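> What follows is a single structure, and I will ask about it in a moment.
Residue numbers (the working numbering): 1 to 66.
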C-alpha cells in the first residue's frame with residue numbers, strides 16, 4: 001500500500017518537473033531578445049532610463065543595418 005503511494009507521488013513529481021522544464025524553455029525564448037533584456041535590466045534597476053534609451057537606440061541602428 002505504502003509502496004503504491006510512493007510510486008504515484010514520484011509520477012506526479014516527474015510530470016511536474018517535465019512541465020516546469022518546458023515552461024522555462026518558452027520563457028527563455030523571450031529573454032533572447034535584446035530589447036527584452038534591456039527592459040528587464042531597467043526594471044531591476046541595473047540601468048537608468050537614460051542608459052536604457054541610449055542602448056535601445058543603438059540596437060535599433062544595428063537592426064536597420066542588417
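The beta carbon of each residue, even a glycine, is placed where N, CA and C say it ideally should be.
All of these numbers come straight from a predicted model, not from anything done at the bench.
1) For the putative contact between residue 52 and residue 42, defined by C-beta atoms under 8 Å, what is the C-beta separation to the nearest angstrom?
2) Measure the alpha-carbon distance for residue 15 versus residue 61 and round it to whole angstroms.
3) Does DSSP put residue 1 in a helix, in a strand, or in coil?
4) Which two residues bound the contiguous alpha helix (DSSP H) that contains residue 37?
5) Classify residue 48 as helix, strand or coil using the three-state DSSP reduction.
Here's the rundown:
1) 5 Å
2) The straight-line gap from Cα to Cα measures roughly 44 Å.
3) coil
4) 34–44
5) coil
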